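So the structure is just underneath, and the comments pick up after that.
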Amino acid sequence: NSRLCVYGWFENKGAAGNPPLVEYYIIEDWKDWCPSGNSKTVTIDGAEYKIFQLDHTGPTIHGNTETFDQYCSVR
Numbered sequence: 001n002s003r004l005c006v007y008g009w010f011e012n013k014g015a016a017g018n019p020p021l022v023e024y025y026i027i028e029d030w031k032d033w034c035p036s037g038n039s040k041t042v043t044i045d046g047a048e049y050k051i052f053q054l055d056h057t058g059p060t061i062h063g064n065t066e067t068f069d070q071y072c073s074v075r
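Start counting the sequence shown at 1; every next residue gets the next number (full-length UniProt numbering).
See the structure below:
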């Protein structure tokens with residue numbers, strides 16, 4: 001349903017208390033579906049983005065199954 005999407009993973013090796021592994025989607029537009037979860041709206045360069053944070057359990061870039069944060073940014 002999306003028109004343009006950037007996808008990736010981020011390993012957070014910084015401060016304690018931050019999630020060690022994050023999966024992200026930056027999505028230009030949705031047609032009919034939007035994720036459920038906690039969300040915030042931010043404005044960047046005049047464009048409004050809705051950012052969703054979801055907890056997800058599934059395969060990771062480490063080759064195993066873990067629980068990690070997913071972030072979806074939708075404009």
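The C-beta atom is built at its ideal place from N, Cα and C for all residues, glycine as well.
For clarity, every value in this text was computed on a predicted model and none was experimentally measured.
Which same chain residues, not among the five before or five after residue i, have their C-beta less than 7 Å away from its C-beta?
i	result
Ser39	Lys50, Ile51, Phe52
Val42	Tyr49, Ile51
Gly37	Phe52, Gln53, Leu54
Checking 9 Å against the spacing of the C-beta atoms, do residue i and residue j come in under that value?
i	j	result
Thr60	Glu28	no
Pro20	Cys72	no
Among the residues of its own chain, which have a CB less than 6 Å from the CB of residue i, if the five just before and after it don't count?
i	result
Ala47	Arg75
Ile26	Val6, Ser73
Thr57	Thr67
Trp9	Glu23, Ile61
Gln70	Glu23, Leu54, His56
Taking 8 Å as the limit between beta carbons, can you name the residues of its chain near residue i, skipping five residues before and five after?
i	result
residue 164	The question about residue 164 has no answer, for the chain in this structure spans 1 to 75.
Entirely within the UniProt domain "GH11" (1–75) and at least 3 residues each: give me those beta strand (DSSP E) ranges in chain order. 5–11, 21–27, 38–44, 47–59, 65–74
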